[in-house]
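Be aware that the sequence shown starts at 4, since it is given in our numbering, and climbs by one per residue. Here is the structure we will look at, set down as structure tokens.
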Amino acid sequence: MNPIRSRRYSLPLFVPGVLVMGISKNLSRRLVGHGCPAAQSRKRLMWRERVAGLPRSASSKNPMDGVFRGSLILLAACLLLASPVSAERHKPDNAYALQGLEVGRLFWDISASDPARLAGRFSVILETYQDFRRQGREVEMVLAFRGGAVRFVSTNPDHHSFEEAQQLEIIQSRLRALLDMPGVRAEACEIAMRRVPMDGKDLMKGVHHVGNTFVSIAGYSHRGFVVIPVP
């Protein structure tokens, strides 16, 4: 049984980190105009450009970006050095379940319409892929978006609200990471897209436009894929 390790903090470095946080927040309020209509308008413009994959326009650039960036870098360094020291958690394997299995085939039936909920599910999907590879198995995954989830694979800012921008960025960044891995495919259902409405040109790069993901479920199930609902 491993002994319990004490949590150690670097107080001299933590205190400057707190001070930097206060300074950065004060600067943002006084120089950017936190809460004023002009600042909110600029934030929305920056968000729409980021979702659409466009370069930032001159009007959306903040002249104090350099000041804030420097403050945040210093803050991150202080907090990192002040973080607790702990042993890495050991993760057990699935050796018994994986006996005789060479390729893990999973079909993720994604219909979740809550962006925060879906962002959390993507962490599990990514970890599942990594667990198969960690245990020496090949992986084939299909991520099929239908229902309210189909909006989250759109690059058109009109399909999203400003309030869900943070979760949307998490979802799309994790999806891009998965699509860069061998054996991963993503599909978007035309039936769901018609209801948004969305066009094929709105889809993220690497997401395939298909007629009906229920038909996909039937086809992939016949090929040995296990269907996992993500409601």
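In this text, a Cβ means the ideal position worked out from N, Cα and C, and glycines have one as well. Bear in mind the structure is a predicted one, so any value in this text is a computation, not a measurement.
Item	Value
Taking its Cβ as the centre, do 16 or more other Cβ atoms sit within 10 Å of F135, making it buried, or is it exposed?	buried
Looking only at its own chain, which residues have a Cβ that is under 7 Å from the Cβ of L182, when we skip the five neighbours before and after it?	A189 and G209
Might you give, ordered along the chain, the residues of its own chain that have their beta carbon closer than 6 Å to the beta carbon of V21, omitting 5 neighbours on each side?	Its pLDDT being 44, under 50, V21 is placed unreliably in this model, and the coordinates cannot settle the point.
Identify the continuous alpha helix (DSSP H) that holds L171 and give its terminal residues.	A168 to L182
Looking only at C-alpha atoms, which of Y99, D112, G103 and L104 sits nearest to Y306?	The requested residue 306 is not part of the displayed model; the chain covers only 4 to 234.
What's the C-alpha gap between S157 and M201?	8 Å
I'd like to check one pair, V229 with R108: are the Cβ atoms closer than 9 Å?	yes
Do the segment 161-168 and the segment 191-198 meet, that is, are 3 or more Cβ pairs less than 8 Å apart?	no
Under the DSSP definition of a beta bridge, which residues are partnered with I113?	F148 and V233
Out of P95, Q102, I174 and K204, which has the shortest C-alpha to C-alpha gap to S126?	I174
Quick one: residues in its chain with C-beta nearer than 8 Å to the C-beta of A180, no 5 flanking neighbours on either side, listed in chain order?	L129
Counting C-beta neighbours from all protein chains within 10 Å, is the total for V187 16 or more, i.e. buried, or is it exposed?	buried
G107 by DSSP, collapsed to three states: which one?	strand
Confirm, please, whether the CB-CB distance from V199 to S114 is below 9 Å.	no
Taking the beta carbon of L146 as the centre, do at least 16 other beta carbons fall within 10 Å, making it buried, or is it exposed?	buried
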